[in-house]
Amino acid sequence: MKKFTIALLMILSINFCLGTIVYLRKGGTIEGEVISKDDEKFVIKTAKGEETIKWRLVKNKSIKEIYPELYEALKAQALERKKKKEKTIKAKKNIEKKSDDLSKINLKIKTTEKLGNYKKMDHNHSIRKYQKKSYGIISILLSKLNPKKSYTVKTVYSHYLKPVNKSDMPLEKSTGENNIVKEEEISGRSNYEIEYQSLPYYIFKVKAKTGYYVKKVRGKYLTKIEFGYKTAGWDISIWLNGTLAYEKKKGETATYHNNISH
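For the sequence shown, the positions run 33 to 294 when our numbering is used.
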């Protein structure tokens, strides 16, 4: 009977040793029989009893041995994360490359006003009418361009107007132009100048002849009035090959983006 008991214990010992060896990520192993598993954990029966272990604590080779389907799913997820990371790094490098290209380019922006001269419109026995036509102008100068490359310059602007002598204004209200989009293609050039002109705006002057007046205001006889519009500022933004390079809002300081020199 004693020999039989010893033999049985030896058989049980051999069977236990033939169970699963689980390798842990922090080092060490657990030996036993896996009796249940799901996608988050598994239960292993060891000499000390049952123990629940999360897969994240186990090395990949043990996951592959115990639960091949989960191993393949985790492997696919890891591969997808790797692809996304590589894509993000590549996109970041492309942005940095564009920034490097812009840092070699010099951009200068100037806004001016082209004022016309008064020209006679018409007259009668009592008054003379004059008109002055003006324009707002945006000047863009790009230098240090690479002649071997092509560039697309996109400009978006709004031009604002304000009235002159509003009290004398018989004209309809005008705010100027909003969100005008212009594009230029450049190639084979190291320097390039672009100029955009706003729609015309006008100032009118009415003068009375001797012995007449133009209008009466609070008991005063006015022999000359002037009214119309003049420039009040711009919103301007400029993109170079799809990258924002310059931005200025009416009444604010200009901002140069992506390291472009100015």
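C-beta atoms are modelled at their ideal positions from N, C-alpha and C, and glycine is treated no differently.
Close beta carbons around residue i, own chain, < 6 Å, minus the five adjacent residues each side
i	result
Lys262	Val196
Lys77	Gly64, Glu65, Ile67
Arg160	Lys239
Lys194	Ala264
Thr52	Val66
Ser293	Asn138
Presumed contact (8 Å Cβ cut-off) between residue i and residue j, rounded CB distance
i	j	result
Glu227	Ser182	In fact, because the Cβ distance is near 21 Å, the residues do not count as touching under 8 Å.
Ser230	Tyr167	5 Å
Leu102	Ile95	6 Å
Lys176	Ser222	7 Å
Lys146	Ile169	6 Å
For residue i: DSSP bridge partner residues
i	result
Asn223	Ser175
Pro195	Tyr261
Ala240	Ile159
Reference residue i, options the options, closest by Cα
i	options	result
Thr242	Ala277, His289, Ser158	Ser158
Asp154	Ile85, Val238, Thr255	Val238
Val185	Glu215, Gly60, Lys58	Glu215
Asp71	Ala79, Pro100, His294, Ile169	Pro100
Tyr336	Lys152, Ser190, Leu254, Asp267	This structure does not reach residue 336, given that the chain is present from 33 up to 294, and the question cannot be answered.
Lys165	Lys115, Gly148, Lys180, Asn178	Gly148
Trp271	Ile141, Glu258, Lys256, Val246	Ile141
Glu301	Tyr234, Glu118, Lys281, Lys280	Here the chain covers residues 33 to 294 and nothing more, so residue 301 does not appear.
Cβ-Cβ distance between residue i and residue j below 8 Å
i	j	result
Val213	Ser269	no
Gly283	Gly260	no
Leu134	Thr275	yes
Lys86	Lys107	no
Tyr28	Leu56	Because the chain here runs from 33 to 294, residue 28 falls outside it and cannot be looked at.
Glu83	Ile62	yes
Proximal residues to residue i (C-beta, below 7 Å), its chain only, five neighbours per side dropped
i	result
Glu209	Ser190, His191, Ser230, Leu231
Asn47	The predicted model places Asn47 with a pLDDT of 42, which falls under 50 and marks its position as unreliable, so this point remains unresolved.
Cutoff 8 Å; reference residue i; Cβ partners in own chain excluding five residues on either side
i	result
Tyr162	Tyr150, Lys151, Lys152, Met153, Phe236, Lys237, Val238, Lys239
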